[in-house]
Amino acid sequence: MGESHLEGAFEATDHVLARKAAGRTRFIASVPAIGLLIASVVLAIGTLIALVISSFEYVAGTIGLHDLAIAYVEDADSFLLAVALYILSIGLTNLFITDRIPLPKWLEFHDFDDLKERLTSVIIVMIGVFFLGHVLKGALGIDTLWLGLACAAIIVALTFFMRTVFKSGK
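Take the position in the sequence shown, starting the count at 1, then add 72; the result is the number in our numbering.
Here is the structure:
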């Protein structure tokens, strides 16, 4: 009986040490969070500059309305990626560093699956926007069909993944 008492004491000590180690090292997550935030800001500013340049080119008459629409769709895709990177940054910060950041209800993160679910949703939208840009560029033929089928397959797979993995775990 003395041995099981000692084992229990060692287990409790190990548990306390593990909690302290995890608590002190959680700031490691700040490195990718800061990196993702920087990437988000750089991509958003770069995309904004590209959008302004495209707009001036249209006003100056060097590109047509169709080309402007294509540029805007591509810019929307880049902005979506910037937002996805920002969401990942906020999510990592919220999950690992502090949960005291006031977030809207739709952007709250309770576990790592919430973060993956938000990212998956943005990826699905980005795939749709990418395909729209491809079609707006005038792409026709079998390559467009294959690209559309590939995009659809990815969207279906991600949707299935979200519904089965994320929803079944909650």
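Note that CB positions come from ideal geometry on N, CA and C, so glycine has one too. If you're wondering where the values come from, they're calculated on a predicted model, not measured in any experiment.
With DSSP as the reference, label residue i as helix, strand or coil.
{"i": "Lys-209", "result": "coil"}
{"i": "Phe-181", "result": "coil"}
{"i": "Ile-173", "result": "coil"}
{"i": "Thr-97", "result": "helix"}
{"i": "Gly-136", "result": "coil"}
Using 9 Å as the threshold, is the C-beta distance between residue i and residue j below it?
{"i": "Leu-219", "j": "Val-194", "result": "no"}
{"i": "Leu-157", "j": "Leu-108", "result": "yes"}
Return the chain-ordered list of same chain residues with a C-beta closer than 8 Å to the C-beta of residue i, the five sequence neighbours on each side being excluded.
{"i": "His-138", "result": "Leu-208"}
{"i": "Leu-140", "result": "Ser-126, Ser-127, Glu-129, Tyr-130"}
{"i": "Val-201", "result": "Val-145, Ala-148, Asp-149, Leu-152"}
Measure from the alpha carbon of residue i to the alpha carbon of each residue in the options, then state which is nearest.
{"i": "Phe-233", "options": "Leu-217, Ala-148, Arg-190, Ala-122", "result": "Arg-190"}
{"i": "Val-103", "options": "Ile-169, Val-145, Val-124", "result": "Ile-169"}
{"i": "Met-198", "options": "Cys-223, Asp-215, Ala-211, Asp-185", "result": "Cys-223"}
{"i": "Phe-99", "options": "Asn-166, Leu-217, Lys-177, Asp-215", "result": "Asn-166"}
{"i": "Asp-185", "options": "Ile-121, Leu-160, Val-201", "result": "Leu-160"}
{"i": "Asp-183", "options": "Ala-132, Gly-163, Thr-216", "result": "Gly-163"}
Could you pull out every residue in the same chain whose Cβ sits closer than 7 Å to the Cβ of residue i, ignoring the five residues on either side in sequence?
{"i": "Thr-119", "result": "Asp-147, Ser-150, Phe-151, Ala-154"}
{"i": "Leu-230", "result": "Thr-192, Ile-195, Ile-196"}
{"i": "Ile-226", "result": "Ile-199"}
Within 9 Å (strictly less), CB to CB, does residue i reach chain B?
{"i": "Leu-152", "result": "Checking the listed chains, one finds no chain B in this structure; it contains a single protein chain."}
In chain order, what residues of the same chain lie with their CB nearer than 6 Å to the CB of residue i, ignoring the 5 residues before and after it?
{"i": "Tyr-144", "result": "none"}
CA-CA distance, residue i and residue j?
{"i": "Phe-203", "j": "Leu-115", "result": "20 Å"}
{"i": "Thr-134", "j": "Ile-106", "result": "39 Å"}
{"i": "Met-73", "j": "Trp-178", "result": "Annotation note: pLDDT 49 at Met-73 (below 50); position unreliable, coordinate value reported separately. If you take the alpha carbons of Met-73 and Trp-178, they lie about 52 Å apart."}
{"i": "Ile-142", "j": "Ser-112", "result": "22 Å"}
{"i": "Pro-174", "j": "Thr-236", "result": "29 Å"}
{"i": "Leu-217", "j": "Val-228", "result": "16 Å"}
{"i": "Leu-221", "j": "Arg-172", "result": "43 Å"}
{"i": "Phe-181", "j": "Ala-122", "result": "32 Å"}
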